[in-house]
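What follows is a set of notes on a single structure, which appears directly below.
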Amino acid sequence: MDLSYIFSSALACEKTFPKFGFKKQSDGFICKKNLRPPCEDFYVLLKINSSLESLTAEVFDSETDEKYALFDMPRANGAFLAKIREQVLELVKEFRKSCFKTSSPKEKYLEFLKEKFNAEPDFPWQDSPDYSVYRCPGGKWFALIMKIKFRQLSLSSAAEEEVWVVNLKADPEKIKDLVNKKSVFPAWHMNKKHWITVLLTAATDFESLCNLTRQSYELVAGKKFL
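Counting from 98, one number per residue, gives the positions in the sequence shown under my numbering.
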């Protein structure tokens, strides 16, 4: 199971990995955790690559060390398999809580929008009351803040967890270089040739987020922001 979205949801503190049980290897880190009842006959191996961009989980039979293949089949289901998946996801959340900086920049970002652009949000969609739009004086929006699921950014089919993001306009010639698929993604639900989606998580550099927002404002307003 690919759980790499965790590196987009928060900022990893590598030096704390050993306290969770990870052991350093030449190609990254590995951690073995036994599962709890009713899954006590299985264990999970968590693997992180050396660049701290990938986290995978594999489940094995404790007696035979045989891989539990159903765990790697997204469409497989069943009550017991659901219990295993639930425990693995709980372990990943515990790992993030113990070894990542999880503070969200969302509130700080909202203050930035208000102070720098004198912009107040409006909420144009009744069926999506959490979605807020920030507009230039002419009425066109330069920032759209919303809550979506990580899987909607193609991070992982298992990533049902929600995340705050902002859609910003960007120079079409620069989008390819801006998108890193860790904190900046092709725009969700908007024209990918002109917009990007930026995560509002600790994994996103705040200064870069502010710069991208200024650029979005300038592109939409058609003039330099002073």
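In this text, a Cβ means the ideal position worked out from N, Cα and C, and glycines have one as well.
For Y231, the enclosing beta strand (DSSP E) covers residues 229-232. Beta bridge pairing from DSSP links Y140 with N131, F157.
When DSSP states are grouped into helix, strand and coil, N146 belongs to the strand group. Taking the Cβ atoms as the reference, K266 lies roughly 5 angstroms from L316, within the contact range of under 8 angstroms. Between Q184 and C136, the CB-CB gap stays under 8 angstroms. In the DSSP assignment, the residues bridged to K244 are W261.
Per the coordinates, the alpha-carbon of L142 lies some 22 angstroms from the alpha-carbon of R248. For the pair I242 and E208, the Cα-to-Cα distance works out to about 13 angstroms.
Note that the C-beta distance between L100 and V189 is below 8 angstroms. W238 sits buried, since 16 or more C-beta atoms from the chains shown fall within 10 Å of its C-beta. In this structure T294 does not touch F303 by the C-beta definition: roughly 16 angstroms separates them, more than the 8 angstroms allowed.
The C-alpha of P171 lies about 27 angstroms from the C-alpha of G118. About 12 angstroms separates the CB atoms of A256 and F104; that is not less than 8 angstroms, and the two are not in contact. Taking 8 angstroms as the upper bound for CB-CB distance, L178 and F168 are in contact here, some 7 angstroms apart. The beta strand (DSSP E) runs of length 3 or more contained entirely in the region 260-305 are, from start to end of the chain, 281-283, 292-296. Spatial neighbours of M287 in its own chain (CB-CB distance under 6 angstroms, excluding positions within 5 residues in sequence) are listed in chain order as N264. Cβ neighbours of Y228 within its own chain (closer than 6 angstroms, five residues either side excluded): W222, M243. The continuous stretches of alpha helix (DSSP H) do not include Q122, which lies in the beta strand (DSSP E) extending over residues 120-122.
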